[in-house]
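Undergrad: One structure coming up, written as structure tokens, with questions to follow.
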Amino acid sequence: MIHNGITIQQFMDIYTTTWSVPNTIPSVFSLEVLSVTLQGVAQFLPEGSTALHAIIDFNVKQAACDEILSLSVLQKILVMVSKAQSYRGIAIQSIINLDRNGEDPPSHILFGNLGLRRAQTWVFQECQRLCAARSTWLAVEAFEACCKLAGTPSDEISQVIFTSVWGLITLPSDVSVTGNTLLVGMYLFKAVMEGSPLPRELHPAVIELLRGWFQEVTHMNSQQFPDVELRHPRPSMNPVVDIDMIATEVVKTMFGSATMAQDSEINVARNNYNTSATQIDPRTTKFISQLFSETLKNLLDREGSLIVDSLATPHQVQYFKEGKSFGPTISDFKIDWMGEMKKGWNLRAARVFSKHLMDTVVPSYLSTSFPEKLLHIDALTGKFQRLLPRILRTKMLEEIRREENDKMEVDVDVKSDDSRKQQKRRHDRKNKLYRSRCEKIMANMECPNAFWNIVFELGPDGMSSDESEEEEAGARPTRSRRKFMFWRNAALDPILAYIDLLSKEGPHGTFASSTRGSPERIRLREMFKNSRSPVKRGLPLNLYSRTWLQNSQTIPLLEARPPIVLPVFPGQTEHI
């Protein structure tokens, strides 16, 4: 659905109502939220999102802003966007020059959405199917249905998000909602759980846009969509991460008490909060960022000194996707370095950490140390997603330096005999695996070739380690589970698995087994544990995981070399 003819002022009114930071007069905006929710106007720009980010960056630098933008900065951004939409053939730099020349801006702006992205068709259909199951919904029933749609566990984090959404679609006196009203709440809950910011209020224009989407997809008529119930938007009950407020609201929501928190001291303090000041001392934002970073680093270091100790295994992530686990918790805080920072496991990790920060860190400081507008849940989540790669980079550098220092030191008798023996066995298995793969390639193919180049470049240190299933004394293990190497390109796994299936007797030679008469050692490829082997530096760039490189920003540290050619398997159209 494309909308034309709306004036810049009308768009600003809608946008301010929906996306400004709660409890700010005049309104201010989080840079993180603004960058995401303005994507609806980017599709009409000559260079799409790239142009939008260039316009935002230009105005942020001009205004010397940090993380909070004023209403005047938003207006300048929208004016420049409007010009860029009108002059589609002109580069963004030319639009910036037009702005400097004081040319009158166009009066209208085009948009595809108002900050909430349009979901896939099945989401609308499933919302309608679930909501049609009842004519009215209590909070507990609605919470379970929303979690079912979003595929998320019904735990405390989900309750916090649901409480906020429930406040957007109900009045303080409401104990239940109709199925048609829950359509909006269910759609919002899934969107927020997948990384969308939480609206401050539901402006009628946003409701109208959702109405149009549902009508297009599910062929609903106007009588089937809420009108009177949502005609007067009101603020979310919990737009800010306030732990005391959350606890009260969750209890109220889950047990249906509509009056429990209305006259509480928390609400009185909230209503009397002075929101007139919008200027924040830059030293305050710097202090919060430093404290945020230190808390996150300490939490990751608590899991162990190595990077691998802070990583979730592929099986843990998969179980979370399937709804079989709650994912990261404070007691077991791990990151999915192979996944996107703004979705799934990592999105939940950001919310878990934000709550941990509010529970344990903020109360130990004066209330004036943390302006409420800087503790908005979306701002905290965005800060987490920005700082995480930097912390990983720091840990990576420390690990590399520690490894170099260990090599320079004389081997003194510090480790126990058992530890040294275990390390030697692991080293021997890696060398044996490397030698076995080289022999299988030489027996079946002319060398050198693409397979040989991969194994040769990885070397023994690039082979994944494993742990034995059988531990009987004197018995040689025949089955072992391969450990997951988080830094290695996952596209190498089927290539190495193919090599493992080759025989040591082939058209190009025969190689005797070093364990003649013993059963073949089977390496199970289920990845339940991460390998603690250090990242190997100096490999060709495409032997590293692309997602790992992107998230960790460690290319300069790795001293990577130009990519090599990888073999093409059936079903692939090009080299990896």
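Residue numbers for the sequence shown follow full-length UniProt numbering, so the first one is 1 and each next one is one higher.
Glycine is no exception: its CB is placed at the ideal position from the N, C-alpha and C atoms.
#1: Is DSSP giving E505 helix, strand or coil here?
#2: In this structure, does DSSP put Y544 in helix, strand or coil?
#3: Per DSSP, what are the beta-bridge partners of R561 in this structure?
#4: Alpha carbon to alpha carbon, how far is C127 from T170? Give it in angstroms, no decimals.
#5: Would you mind giving the Cβ-Cβ distance between R426 and I157, rounded to the nearest angstrom? I have them listed as a contact below 8 Å.
#6: Along the chain, where does the beta strand (DSSP E) containing I109 start, and where does it finish?
#7: For V33, which option in E67, A139, Q215, F11 has the closest C-alpha, if you only look at C-alpha atoms?
#8: Quick check on DSSP: helix, strand or coil for S164?
#9: DSSP puts V177 in a beta bridge; with which residues?
#10: What does the Cβ neighbour count give for G40, buried or exposed, with the cut at 16 atoms within 10 Å?
#11: For L38, I'd like the list of residues in its chain whose CB is within less than 7 Å of its CB, leaving aside the five on either flank, ordered along the chain.
#12: Quick check on the burial criterion: 16 or more other C-beta atoms within 10 angstroms. Buried or exposed for W122?
#13: Let me confirm a value: S354 is counted as buried when at least 16 other C-beta atoms fall within 10 Å, else exposed. Which label applies?
#14: Report the three-state DSSP secondary structure of F292 (helix, strand or coil).
#15: Should N444 and L502 be called a contact, given that it needs their Cβ atoms to be closer than 8 Å?
#16: Pick out whichever of R118, A379, F384, L566 has its Cα sitting closest to the Cα of P494.
#17: Work out the CA separation of L492 and Y428 for me, nearest whole Å.
#18: Helix, strand or coil for T16? Go by DSSP, reduced to three states.
#19: For P507, count the other beta carbons within 10 Å of its own beta carbon; 16 or more makes it buried, fewer makes it exposed. Which is it?
#20: Exposed or buried, which one is A379 when buried takes at least 16 other CB atoms within 10 Å?
#21: Q120 to G212, Cα distance in whole Å?
#22: In the structure shown, what three-state DSSP assignment does T313 receive?
#23: Cutting at 6 Å between CB atoms, please list the residues of its own chain near L433, excluding the five before and the five after it.
#24: At what residues does the beta strand (DSSP E) containing F29 begin and finish?
#25: Starting from the C-beta of T18, find all residues in its chain whose C-beta is less than 7 Å away, skip the five residues before and the five after it, and write them out in chain order.
#26: Do the segment 140-152 and the segment 184-191 meet, that is, are 3 or more Cβ pairs less than 8 Å apart?
#27: For a test of the three-state rule: what should DSSP assign to S86, helix, strand or coil?
#28: So L311 and I330 are in contact, right, with Cβ under 8 Å, and what is the actual spacing, rounded?
#29: Out of L168, H108, T181, P172, which has the shortest C-alpha to C-alpha gap to A132?
#30: Alpha carbons only, please: which of K324, S293, F484 is nearest the one belonging to T394?
#31: Going by the beta-carbon positions, is the gap between A63 and V79 smaller than 8 Å?
#32: Would Q159 be called buried (16 or more neighbouring beta carbons within 10 Å of its own) or exposed?
#33: By the 10 Å Cβ neighbour count, where 16 or more other Cβ atoms means buried, how is L366 classified, buried or exposed?
#34: Locate the beta strand (DSSP E) running through L69, then write down its first and last residues.
#35: For F124, collect the residues of the same chain with a Cβ closer than 8 Å to its Cβ; drop the 5 residues on either side in sequence, then sort them by chain order.
TA: Per the coordinate set shown:
#1: Correct three-state label for E505: strand.
#2: strand
#3: P540
#4: 18 Å
#5: Going by Cβ atoms, the distance from R426 to I157 rounds to 38 Å, so no, they are not a contact pair.
#6: Going by DSSP, I109 is part of the beta strand (DSSP E) stretching over 108-111.
#7: Relative to the Cα of V33, the nearest Cα in the group E67, A139, Q215, F11 belongs to E67.
#8: helix
#9: V177 pairs with W137.
#10: Looking at its Cβ environment, which holds 16 or more other Cβ atoms inside 10 Å, G40 is buried.
#11: L52
#12: exposed
#13: buried
#14: helix
#15: yes
#16: L566
#17: Before going further, note that residue 428 is Asp rather than Tyr in the sequence given. Distance between the alpha carbons of D428 and L492 is about 22 Å.
#18: helix
#19: exposed
#20: buried
#21: 14 Å
#22: When secondary structure is reduced to three states using DSSP, T313 falls in the coil class, being assigned neither helix nor strand.
#23: M463
#24: Here the beta strand (DSSP E) through F29 covers 28-30.
#25: These residues qualify, in order along the chain: L114, G115, P199, R200, E201, H203, V206.
#26: Inter-segment contact for the segment 140-152 and the segment 184-191 is present: three or more beta-carbon pairs are separated by less than 8 Å.
#27: helix
#28: Between the beta-carbon of L311 and that of I330 there is about 17 Å, and that puts the pair past the 8 Å contact cut.
#29: T181
#30: Between T394 and the set K324, S293, F484, the nearest pair of CA atoms involves S293.
#31: no
#32: buried
#33: exposed
#34: 68-70 is the span of the beta strand (DSSP E), which, as asked, contains L69.
#35: Y187, W213, F214, V217, T218
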